[in-house]
Ligand code: FES
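Numbering (the numbering used here), first residue to last: 501 to 621.
Here it is in structure tokens:
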């Protein structure tokens, strides 16, 4: 199934659509190219990142929309096991230690999670 394209200022989903530990994939434009991104809910907060490992330009989930470790404390890349803090995208273990996922700005508005605009726009 093709992932929906979400532009800055557009809704990604209703707040009620995601429980803690859940994730949702979508696409965004990066330099006029469509790339994958994902939204997660962690400890009651929403975070979104480009779906691109800081180690190599591969998706973290390898397509199955499963980003969390079994204990839901971290995000994990399935290819070589890099682990990231869900709330910052900081890599605390693995081949790209101390690098970070690329975060996307979010807003919660009228009961929906909305893609924000990058800083400076
Ligand atoms: S591609 Fe993600 S850890 Fe290597």
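Glycine included, C-beta positions come from ideal geometry on N, C-alpha and C.
Worksheet item: Just the Cα atoms here: how many angstroms apart are residue 541 and residue 535?
Response: What you label residue 541 is simply residue 41 of the chain shown in a count that begins at 1. What you label residue 535 is simply residue 35 of the chain shown in a count that begins at 1. Between residue 541 and residue 535, the C-alpha separation is close to 20 Å.
Item to complete: Tell me whether the beta-carbon of residue 507 lies closer than 8 Å to the beta-carbon of residue 604.
Response: Position 7 of the chain shown, counting from 1, holds the residue named residue 507. Position 104 of the chain shown, counting from 1, holds the residue named residue 604. Going by C-beta atoms, residue 507 is not nearer than 8 Å to residue 604.
Worksheet item: So is residue 560 buried or exposed if we call it buried at 16+ other beta carbons inside 10 Å?
Response: Taking the first residue of the chain shown as 1, we reach residue 560 at position 60. Residue 560 is buried by the Cβ-count criterion.
Worksheet item: Just reading off the beta strand (DSSP E) that residue 523 is part of, what are its end residues?
Response: Position 23 of the chain shown, counted from the first residue, corresponds to residue 523. Boundaries of the beta strand (DSSP E) harbouring residue 523: 523-530, taken from the DSSP string.
Worksheet entry | Presumed contact (8 Å Cβ cut-off) between residue 504 and residue 538, rounded CB distance | By 1-based counting over the chain shown, the position of residue 504 is 4. By 1-based counting over the chain shown, the position of residue 538 is 38. 12 Å between Cβ atoms; not a contact.
Worksheet item: Should residue 576 go down as buried or exposed, given a rule of 16 or more other Cβ atoms within 10 Å for buried?
Response: Counted from its first residue, the chain shown places residue 576 at position 76. Residue 576 should be labelled buried.
Worksheet item: What residue from 558, 557 and 591 has the CA that sits closest to residue 573's CA?
Response: As a first step, residue 573 must be located in the chain shown, where it is residue number 73. When 558, 557 and 591 are compared, the shortest CA-CA separation from residue 573 is found for 591.
Worksheet item: Would the C-beta of residue 579 count as close to the ligand FES, meaning under 7 Å from any of its heavy atoms?
Response: Against the chain shown, residue 579 aligns to sequence position 79. Yes - the ligand FES has a heavy atom lying nearer than 7 Å to the Cβ of residue 579.
Worksheet item: When the Cα atoms are used, what is the spatial distance from residue 629 to residue 524?
Response: With the chain represented from 501 up to 621, any question about residue 629 goes unanswered, as that position is not in the structure.
Worksheet item: Between residue 515 and the rest of its own chain, which residues show a CB-CB distance below 7 Å, the 5 nearest in sequence each way excluded?
Response: Taking the chain shown and counting its residues from 1, the one referred to as residue 515 is at position 15. Answer for residue 515: 608, 611, 612 and 613, listed in chain order.
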